[in-house]
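Asks: Got a structure for you, questions after.
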Amino acid sequence: MNRDPPLHVKRQLRKEVNYGCPVPGCGKPFLEWHHFDPPWHVRNHHDLSGVIALCTEHHPQADAGVFSVEQLRDFKRNPNNRELVCGKFEWMPENCIIRLGGNYAPDRCRVSVGGEDVIRVEKSESEMNDVSFTLRDEAGVEFAKMAENVFTCDTSTVHDLAISSSANRIKIWHERRKVGFECHYSRKSIEDVEKLIQLDCEALKQPPKPIENIPAFYEQLFEIDNYKKDGLAIGWRRRDPVGTYLRWHVIKHRGKDGQIPLLDFSYCRLFGGDGKSIQLGRRRIRTSNRELGCSVNTVMAFNLGNSFSF
Ligand SMILES: [Zn+2]
């Protein structure tokens, strides 16, 4: 049996504690799963009544026996009672590749709906990238946001809020499932980024040919310092059908460790304050304009731009 509980059990466990650590005064959203009744070494199980969600600070304390079984049961009955779950995410790359659905932007981006930014990544005074976003329900009421890497969420209207204990992934669904948000920050190898690009390629009418030797291809791009000027020489066009321009940005973002910081907004279904909605994901951006009663599907994979307005 895997020590990590099945998805539906984890969802129950985080909901039970109101998406924050239930140790009095804590409330941190970076949760892990503590098996206490019976402990894992006595019997491998995922019984809801014998497992509790605790934060990364209090889980080791529980393992060390700081809390009694009775206290842990009491925590389960008296969850984190803060209305706002709050956590700071230390995602501060100097530069990064941002993936929005199937679209890519280097270092900075703004996605705005009805004149209001719903996603924004920009350089702070310390030259690091700050991440901000705002989640509203259909009526325009804000229920979660990230402001300069500090995340807050009103859990009273949330269907599910899953934040990884390693603080690199956030997934939220609003109660009526009309608003969803999934974002992941990681450092990836060239090969892993290329796999993503290949997946996004499938949405293109003229997908680029797969690259035979990925490291060699990227090393070749790395040599081209003045790519924009010389772009035409290797086939760059405004609507780059071979994805070369994107791949050039990818290699230019490789750090000393060979990894590429990737901020991946893999799925977002968001409302602006005016009831207009957008959907990023499945390799596309979809906008809907209620007034006109129509929706527009736009496959914009590889559109390297920093700003998307709807
Ligand atoms: Zn805690």
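Residue numbering for the sequence shown follows the numbering used here, beginning at -4 and increasing consecutively.
Every residue gets a Cβ at the ideal spot worked out from N, C-alpha and C, and that includes glycine.
(1) Give a yes or no on whether the C-beta atoms belonging to N75 and V12 are separated by under 7 Å.
(2) Compute every distance between the C-beta of H3 and the non-hydrogen atoms of ligand 1, then say whether any falls below 6 Å.
(3) Counting C-beta neighbours from all protein chains within 10 Å, is the total for N73 16 or more, i.e. buried, or is it exposed?
(4) Would K5 be called buried (16 or more neighbouring beta carbons within 10 Å of its own) or exposed?
(5) Rounded to whole angstroms, what is the Cα-Cα separation between G267 and E27?
(6) Around the C-beta of G96, are 16 or more other C-beta atoms found within 10 angstroms, so that it is buried, or is it exposed?
(7) Hey, would you say the C-beta of V37 is under 6 Å away from at least one heavy atom of ligand 3?
(8) Relative to the alpha-carbon of P122, which residue among M141, N90, S184 and Y99 has its alpha-carbon at the smallest distance?
(9) If distances are taken between C-alpha atoms only, which option among Q254, D58, I280 and I219 comes closest to A198?
(10) Can you look up N(-3) in the DSSP assignment and give me helix, strand or coil?
(11) Taking the C-alpha atoms as reference points, what is the distance between G15 and S159?
(12) I want to check one thing, is the minimum distance from the CB of H377 to the heavy atoms of ligand 1 below 6 Å?
(13) With a cut-off of 7 Å, does the C-beta of T51 fall near any C-beta of chain B?
(14) What beta strand (DSSP E) runs, 3 residues minimum, are completely inside the stretch 13 to 82?
(15) Can you tell which of V245, F176 and D112 has the C-alpha that lies nearest to the C-alpha of E218?
(16) CB-CB under 7 Å to H3, same chain, minus the five flanking residues each way: which ones, in chain order?
(17) Using C-beta distances below 6 Å, list every residue in its chain close to N39, excluding the 5 sequence neighbours before and after it, in chain order.
(18) Label D(-1) either buried or exposed according to how many other C-beta atoms from any shown protein chain fall within 10 Å of its C-beta, with 16 as the threshold for buried.
(19) Could you tell me if L8 is buried or exposed, where buried requires 16 or more neighbouring beta carbons within 10 angstroms of its beta carbon?
Replies: Here's the rundown:
(1) To locate residue 75, count along the sequence shown from 1; it is residue 80. To locate residue 12, count along the sequence shown from 1; it is residue 17. Yes, the Cβ-Cβ distance between N75 and V12 is below 7 Å.
(2) The count along the sequence shown starts at 1 and reaches residue 3 at position 8. No, the Cβ of H3 stays beyond 6 Å of every heavy atom of ligand 1.
(3) The count along the sequence shown starts at 1 and reaches residue 73 at position 78. When all chains shown are included, N73 counts as exposed.
(4) For the purposes of this step, residue 5 is taken as the residue at position 10 of the sequence shown. Per the 10 Å Cβ criterion, buried.
(5) As a position in the sequence shown, residue 267 is number 272, starting the count at 1. As a position in the sequence shown, residue 27 is number 32, starting the count at 1. Distance between the alpha carbons of G267 and E27: 33 Å.
(6) For the purposes of this step, residue 96 is identified with residue 101 of the sequence shown, where counting begins at 1. So G96 ends up on the buried side.
(7) The ligand content of the structure shown is limited to ligand 1, which means ligand 3 is not among them.
(8) Numbered from 1 along the sequence shown, position 127 holds the residue referred to as residue 122. Note that residue 122 corresponds to Glu in the displayed sequence, not to Pro. Measuring from the Cα of E122, the nearest candidate turns out to be N90.
(9) Numbered from 1 along the sequence shown, position 203 holds the residue referred to as residue 198. For A198, the nearest C-alpha among the options comes from I280.
(10) In the sequence shown, residue -3 corresponds to position 2, counting from 1. In this structure, N(-3) counts as coil in the three-state DSSP scheme.
(11) By 1-based counting over the sequence shown, the position of residue 15 is 20. By 1-based counting over the sequence shown, the position of residue 159 is 164. The straight-line gap from Cα to Cα measures roughly 12 Å.
(12) Nothing about residue 377 can be reported from this structure: the residues present for the chain run from -4 to 305 only.
(13) The displayed structure is made up of one protein chain only, and chain B is not part of it.
(14) 26 to 30 and 46 to 50
(15) In the sequence shown, counting from the first residue as 1, residue 218 sits at position 223. Of all alpha-carbon atoms in V245, F176 and D112, the one lying nearest the alpha-carbon of E218 is that of V245.
(16) By one-based count along the sequence shown, residue 3 stands at place 8. Only residues of its own chain outside the window of five on either side were considered, and among them none has a CB closer than 7 Å to the CB of H3.
(17) One-based indexing of the sequence shown puts residue 39 at position 44. M(-4).
(18) Position 4 of the sequence shown, counting from 1, holds the residue named residue -1. By the C-beta density criterion, D(-1) is exposed, having fewer than 16 other C-beta atoms within 10 angstroms.
(19) The residue labelled residue 8 in the question sits at position 13 within the sequence shown. The residue in question, L8, is buried, as its Cβ has 16 or more Cβ neighbours within 10 Å.
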